[in-house]
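Enquirer:
Number of protein chains: 2
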Amino acid sequence: MAETKSAERKQAKAKRRRDKEVRPQEIVAAAFEEFAEKGFAETRLEDVAARAKVSKGLPYLYFKTKVELFKAVIRSVITSHFEVLRQRMETTELSTEEFLKGPFLSFIQELPGSRRAFIVRLLISEGYKHPELTQFYYENVISRGLETMRRLIDRGIERGEFKPTPLRDYPQLLVAPVLMAILWRALFERHDHLDTNK
Amino acid sequence: MAETKSAERKQAKAKRRRDKEVRPQEIVAAAFEEFAEKGFAETRLEDVAARAKVSKGLPYLYFKTKVELFKAVIRSVITSHFEVLRQRMETTELSTEEFLKGPFLSFIQELPGSRRAFIVRLLISEGYKHPELTQFYYENVISRGLETMRRLIDRGIERGEFKPTPLRDYPQLLVAPVLMAILWRALFERHDHLDTNK
DNA sequence: TGCGGTACTGACCGGTCAGTCATTATATTG
DNA sequence: CAATATAATGACTGACCGGTCAGTACCGCA
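Right, here's the structure in full:
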């Protein structure tokens, strides 16, 4: 990758109508909105382009196909956010229980209402058609997340905070109700409502 | 609906190339396979027809649109099965705990592996596009199921089998891990595996 | 044996949309 | 201010598929 050495010489934040570094991000952002709103099949690339204030053809300059763009969206939105929580889990000074009832819980409670919840739904609906995508997701989010939770719980046990629990082997259980809440909301919002408390 | 009075006079099970009562079911069955395999958008009615050994136009004789067919599939597959469990829940002689650990658990354990699991996934991916569908599902399966579970738990409490529990108000929690397992399987089957034990 | 009815066929139509590409607009360089 | 490069445009194409409908095959019945 050749670095653009002279680009910085321009005055710092001029409007710049062409900007090869930001365009992809803009497009990904627009695509996220569209996908979240309508799902994969129902999203027309033309709309994505329009939302990004760009011509229909441009996305194809940066992403070979619609699917490729879709993957980019998932990657960009998901990983970054989970990574934050994971970092905090690794480095926290709190006791395990405090952490679970504090940062973890609030992270988890805010999820079902956030726009990231859409991504979960998208992953469920489209995932099985794109194995590399679920694999990527699995490796980068799920398995690392589980591993971290396991460590957190182990630490709690070691310190005698609580006794061994099946949770250690199935940290998924901690997340299951949240997933439930996300889907519940997505499906039945109009009919009923569901809390995420412990 | 005029009954075919003379049709039965034919020898009992001749091959019958025309059969107005069974066709719809055959089509729904074929559609179920296709939808389960490829999802809603990716399923072509032509393939459904082919699978049902029928011409492309016929499904439209019985179902006005693709969506209508889709709904018929969901309805036919889901309700019947859940109804069985519900009945048993209502009439069982077992103690609440026995019931939960017995029939309930085995029903639940067999779900993620069965083909009905696909329907759950389908409902999640397509549901938000068809509100009447989720409403139907909600009224016929979810809310009745919850109600029944609540009664089962209440009965257990009354009989002093166990003390009041948050489960009474959120029976969803009992189902959450199962849902988790279903999705887990659907998404990550290739990478990992997950149990449904308690 | 022919008549009317209806379950069924499959060629076809019209609309949609992913993806292409010839062309234009802008930036960069010398 | 050319000359070159490349970001960006948007009209266009080709495939695909939901839905239609004029016609056919087979039925029971007189």
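Chains as they are written, first to last, in my numbering: chain A, 1093 to 1290; chain B, 1093 to 1290.
No residue lacks a Cβ here, since even glycine has one placed at the ideal position from N, Cα and C.
Please classify residue 1243 of chain B: is it buried, with 16 or more other beta-carbons within 10 angstroms of its beta-carbon, or exposed?
Expert: The sequence position of residue 1243 of chain B within the second sequence is 151, counting from 1. So residue 1243 of chain B counts as exposed.
Enquirer: In terms of residue numbering, what span does the alpha helix (DSSP H) encompassing residue 1140 of chain A cover?
Expert: Along the first sequence, one-based indexing puts residue 1140 of chain A at 48. 1137-1143 is the extent of the alpha helix (DSSP H) around residue 1140 of chain A.
Enquirer: With a cut-off of 7 Å, does the C-beta of residue 1108 of chain B fall near any C-beta of chain A?
Expert: Locating residue 1108 of chain B in the second sequence gives position 16, counting from the first residue. Confidence at residue 1108 of chain B is low in this model, with a pLDDT of 42, below 50, so the placement of that residue is unreliable and no value is reported for it.
Enquirer: Does the distance from the C-beta atom of residue 1248 of chain A to that of residue 1188 of chain A stay below 7 Å?
Expert: As a first step, residue 1248 of chain A is located in the first sequence; it is residue number 156 there, counting from the start. As a first step, residue 1188 of chain A is located in the first sequence; it is residue number 96 there, counting from the start. Yes, Cβ-Cβ distance for residue 1248 of chain A and residue 1188 of chain A is below 7 Å.
Enquirer: Along chain A, in chain order, which residues have C-beta atoms closer than 8 Å to that of residue 1280 of chain B?
Expert: On the second sequence, residue 1280 of chain B is found 188 positions in, with the first residue counted as 1. The contacting residues are 1226, 1230, 1234.
Enquirer: How many angstroms separate the CA atom of residue 1191 of chain B from the CA atom of residue 1238 of chain B?
Expert: Taking the first residue of the second sequence as position 1, residue 1191 of chain B is located at position 99. Taking the first residue of the second sequence as position 1, residue 1238 of chain B is located at position 146. Their Cα atoms are separated by approximately 15 Å.
Enquirer: Mind reading off the beta-carbon distance from residue 1209 of chain A to residue 1203 of chain A? Whole number of angstroms is fine, and I expect it under 8 Å.
Expert: Residue mapping note: residue 1209 of chain A aligns to position 117 of the first sequence, counting from 1. Residue mapping note: residue 1203 of chain A aligns to position 111 of the first sequence, counting from 1. Correct: roughly 6 Å between the Cβ atoms.
Enquirer: Check whether the Cβ atoms of residue 1186 of chain B and residue 1158 of chain B lie closer than 7 Å to each other.
Expert: Indexing the second sequence from 1 puts residue 1186 of chain B at position 94. Indexing the second sequence from 1 puts residue 1158 of chain B at position 66. Going by C-beta atoms, residue 1186 of chain B is not nearer than 7 Å to residue 1158 of chain B.
Enquirer: Would you kindly check if the distance between the Cβ of residue 1140 of chain A and the Cβ of residue 1122 of chain A is under 7 Å?
Expert: For the purposes of this step, residue 1122 of chain A is taken as the residue at position 30 of the first sequence. For the purposes of this step, residue 1140 of chain A is taken as the residue at position 48 of the first sequence. Taking the C-beta atoms as reference points, residue 1140 of chain A is found nearer than 7 Å to residue 1122 of chain A.
Enquirer: Would residue 1273 of chain A pass as a contact of residue 1272 of chain B if the rule is Cβ separation under 7 Å?
Expert: Locating residue 1273 of chain A in the first sequence gives position 181, counting from the first residue. Locating residue 1272 of chain B in the second sequence gives position 180, counting from the first residue. Going by C-beta atoms, residue 1273 of chain A is not nearer than 7 Å to residue 1272 of chain B.
Enquirer: Compare the beta carbon distance of residue 1198 of chain A and residue 1120 of chain A with 7 Å and say whether it is the shorter of the two.
Expert: The residue labelled residue 1198 of chain A in the question sits at position 106 within the first sequence. The residue labelled residue 1120 of chain A in the question sits at position 28 within the first sequence. Against a cut-off of 7 Å, the Cβ pair of residue 1120 of chain A and residue 1198 of chain A comes out as no contact.
Enquirer: In whole angstroms, give me the CA-to-CA distance for residue 1160 of chain B and residue 1218 of chain A.
Expert: Taking the second sequence and counting its residues from 1, one reaches residue 1160 of chain B at position 68. Taking the first sequence and counting its residues from 1, one reaches residue 1218 of chain A at position 126. Roughly 22 Å between the two C-alpha positions.
Enquirer: Quick check on residue 1116 of chain A: does DSSP put it in helix, strand or coil?
Expert: In the first sequence, counting from the first residue as 1, residue 1116 of chain A sits at position 24. Helix at residue 1116 of chain A.
Enquirer: Are the CB atoms of residue 1211 of chain A and residue 1170 of chain A within a distance shorter than 7 Å?
Expert: In the first sequence, the residue the question calls residue 1170 of chain A occupies position 78. In the first sequence, the residue the question calls residue 1211 of chain A occupies position 119. Their beta carbons are under 7 Å apart, which means residue 1170 of chain A touches residue 1211 of chain A by this criterion.
Enquirer: Can you give the Cα-Cα distance for residue 1125 of chain A and residue 1155 of chain B, rounded to whole angstroms?
Expert: Stepping through the first sequence from its first residue, residue 1125 of chain A is reached at position 33. Stepping through the second sequence from its first residue, residue 1155 of chain B is reached at position 63. Taking the straight line from one Cα to the other gives about 34 Å.
Enquirer: Measuring only the C-alpha atoms, how far is residue 1265 of chain A from residue 1146 of chain A?
Expert: Counted from its first residue, the first sequence places residue 1265 of chain A at position 173. Counted from its first residue, the first sequence places residue 1146 of chain A at position 54. Taking the straight line joining both Cα atoms gives about 44 Å.
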